[in-house]
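Residue numbers (full-length UniProt numbering): 1 to 1128.
By construction, the Cβ of each residue, glycine as well, lies at the ideal position given by its N, Cα and C atoms.
Since the model is a prediction, treat every value here as computed from it, not as a measurement.
Everything on this sheet refers to the single structure shown next.
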């Protein structure tokens, strides 16, 4: 009855709230102005991201697809939410409270997977024991929105602070109640107690107490008086779940977060209704009558050996209770009214009516009227809105309880109805459909998303036929996230019509890993329901295709069934693409294969589609600007996608945190066209575990693999299959001009007027005349939590406004030289565009051998290349300050001033030393660098070049290289210190483990680069560091807080991934009900959390980057693999 409630100016909400990380803290509900809110408690609206979405930070989904469930109201100490110790009940209530409080429990629920009516995450509510007939299978009654439809894990906390696991047994398909099961014999301190149910006690004027739990910490007792018992079911905004065809009772109890599922107790100690929801802007609370709950409970107790699915019928029609005045307006005659009054009077006098809320009220006040029905059904053909229901199965029907009793008794059979249509009596016969068959429980996981059959509630809300209703997107995930929103309905996959979940599974099973396929879908939440088509890429290596099948047993459970996906296309070895031209042409003639996120070298379907006849080669867009025409063959657009759950190397922006997945776009600079090497930045490709695509000339898109991530500077090397762009005149950037000599490269000067050629997000290229504004050593802010940040790199800025994603600063004309490369630099949650002068860039690329002389296998060997890195950070200090405050001699000042360039008279001062690095103990913060290896230095690239000269001849690393002598000014004294060169391989996570929902990786180097003492478990490359926890996992349930380090599990130390995996595979955690997880935060503060393992939904899983193929120790491919570890 949306109109009636809206007229009161109040919102409606369920009455309990979700837990935060620890499962105990609450978050305020946002109250709308006169609009409907989502539920105050239980799972809320799942929108991806993803992260996902979790209660501690956005999926979100996840999302996902990333909005949070509505939160619980905080207890502000107001009288209506006082704890038991502060409430002084009337003396006659004291005995009642003592009688029932042992049966009332606080329920903490974890949704382990996203579903239509609940995201993955943690929330709370209330329940109470209603049956101890079989103590081993004792039953608890609560709200259906607390239990939800998807798979859950739940715990109940009893009066004496005892916590027991509880398991769902029954979820009503329509009404807001559900039943949990627990073992009452496990109670040690709380005497087993049950509360009797008395639906007949729900009468206007009855004095009641609503006894529930406030955030699972304390009991709240709220007095109320039943004001009405014939209210139509409330409607909740932003949720597909809507109750129907039942009365609700109303009272002014002002129930708040955590009280969903609380019993409404009368003076005898019986429960007469179930607390379910309330108005946000008023003290009104809504109670669900118990007639159907009693029916289900009796059925479960009398059918112990059967599946807990008592018959529940529907004719796919929504009825509303309307008073006689409204019926007269609909054509109901006076004679029919008198007959209905007489029938109601006889039923009330004889006590023959059902235990409906209005029973015994003296007379009937109205009848049930057809409000709506689902399209494409028998009801649509035979019923009309406004039809007044008179009889069901030959007997008078005055209320919802009578209607439902008849429909439940005739499931899958016809039932006769007698109605009044504008005063005319009409008889119809409709089939009573099984309600349980219209509620989805099975679901499919694919490419990080979750999908299930469209439910009856969604069909009802958006007026969709239940026949051939398609598949609902509960979480779009990595594969579908860019194309399909949460709430979308899939009706076709890869040319196959999808009518049900089995069609969806079969269609996906035929799609190869890495293959792009078409998905047909529509969004029911918008007024425009036009069908849409999107291209989606299958990702089954990191996210195996699986079906979760519901088992309607006692208790309910799910079973995972892996789906054998189609085999991925065979990818040729990189050497084949790098061989002579005839071999490459032959390989190209066979057609480029598709590859997944885990395959390399990649070749996308888009590239295959761009193949044209050799007589008509493709080219770049024509341009009248000679500078653009010269530069655009060097450019490509780089697009990367990263899943939220595996974003381990960088910090996401606020927008990225609220999105389904992380997508970034940047500029790629071709540095070797023959071998397919592209240079980009660490903002665009933030980590190796990413799906990367390159777009050339706006017409060819191909996959790329991350070969090398510079451990210190903002450089990433990508590799693509060169044959994929053979139709384009791709050209590598010439950094050394025609001379080929590094020394011949001209230094960039402040004030130079050059041309800036930039690439935009829509692949367009533009050019403008600009002026070099500054060249300086930029100090980048630290990220929190620690993540990569640039340091010791000179950058240049322009006096003009930069547009685009980056580009090249070049000399204008058809033959001008390249002066600087502009890229995006990550800086915490933000990023900036800055330029790297070509001389600096050459110094960074030289150690990688990218300036000539590469052999045919060199591109893949770049993955193992080592480059010099400084274990300290510099800042610029003017010579004037060095002389005045640090005691620099005149001789050193003159020498450094002579060595300065472009009029910048500065010196390098050590601002930070990497803890545990080669400089730790040798250099100190505040040291002023005078000379390195006997040569004066004023710029960080000069220091790196001198350190590079000490490259070790063998693979012994830095230990086999000779130390380099630095002359520094320390405490106004010149001292010489030996500094060992540091040589590092490619940066970024190459291996991670998911343990009970904790995403673990070795410690980032950024932790040590912050300076200060670093404990053994936080050394770079050591320890188990985490900053993401899966929503709905055991770690989320029991309050693990990210970021931190996992240092021990039970008695097993976890100094690295190998130790944890070995302990798990050796069965050291097998059979443990609880695991003691010792963690440590960034301040060194230890914490212990006890987690209950969930190997069904959260097995120990490892992702690692591995190499394959090759003879004589050579490898020919680089890819990611997924391994699930089981206890031996």
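Beta-bridge analysis with DSSP links residue 453 to 471. DSSP links residue 248 through a beta bridge to 231. Taking all protein chains in view, the Cβ of residue 748 is crowded by 16 or more other Cβ atoms within 10 Å, so the residue is classified as buried. For residue 101, same chain residues with a beta-carbon under 6 Å away, outside a window of 5 residues either side, are 159 in chain order.
Inclusion of residue 869 and residue 828 in the CB contact set at 8 Å is not warranted, their separation being larger than that value. The DSSP assignment places 928–932 as complete runs of the beta strand (DSSP E) inside the region 913–960, in order along the chain (cut-off: 3 residues). Under the three-state reduction of DSSP output, residue 409 falls in the coil class, being neither helix nor strand. The shortest CA-to-CA distance from residue 650 to any of 907, 448, 683 is the one to 683. Of all C-beta pairs linking the region 694–704 to the region 811–823, fewer than three are shorter than 8 Å, placing the two stretches out of contact. Taking all protein chains shown into account, residue 134 has fewer than 16 neighbouring C-beta atoms within 10 Å of its C-beta and is therefore exposed. In the structure shown, the three-state DSSP call for residue 325 is helix.
By the neighbour-count definition (other C-beta atoms within 10 Å, threshold 16), residue 885 is an exposed residue.
Counting only the Cα atoms, residue 1092 lies some 30 Å from residue 539. Between the region 281–298 and the region 199–216 there are three or more C-beta pairs closer than 8 Å, enough to call the two in contact. When the alpha-carbon of residue 482 is set against those of 629, 642, 436, 1059, the nearest one is in 642. Runs of beta strand (DSSP E) with 3 or more residues, each lying fully within the region 139–173, are found at 152–157, 163–171, listed in chain order.
Here residue 634 is not bridged, per DSSP, to any residue.
When 284, 287, 308 are compared, the shortest CA-CA separation from residue 295 is found for 308. With distances taken between CA atoms, residue 916 lies nearest to 1016 out of 1016, 879, 372. In this chain, the alpha helix (DSSP H) harbouring residue 656 covers 654–657. Classified as exposed, residue 891 has fewer than 16 neighbouring CB atoms from the shown chains inside 10 Å of its CB. Going by C-alpha positions, residue 467 is about 28 Å away from residue 111. For residue 975, the closest C-alpha among the options 981, 967, 982 is that of 967. Remark: C-beta atoms of residue 253 and residue 210 approach each other more closely than 8 Å. The Cβ atoms of residue 807 and residue 822 lie closer than 8 Å to each other. Ranking 833, 830, 819, 861 by CA distance to the CA of residue 841 puts 819 first. A straight line joining the alpha-carbon of residue 681 with that of residue 672 spans about 16 Å.
Under the three-state reduction of DSSP output, residue 213 falls in the strand class.
Looking from the CA of residue 565, the closest CA among 882, 514, 552 belongs to 514. Looking at the backbone, the Cα of residue 303 and that of residue 99 are separated by about 29 Å. Note: residue 105 is bridge-paired with 127 in the DSSP secondary-structure output. If you draw a straight line from the Cα of residue 340 to the Cα of residue 426, it is about 16 Å long. With a cut-off of 8 Å on Cβ pairs, the region 469–477 is not in contact with the region 376–384, counting fewer than three such pairs. For the options 435, 518, 720, the alpha carbon positioned closest to that of residue 311 is the one of 435. By the neighbour-count definition (other C-beta atoms within 10 Å, threshold 16), residue 799 is an exposed residue. The region 721–733 makes no contact with the region 986–1003, as fewer than three CB pairs between them are under 8 Å.
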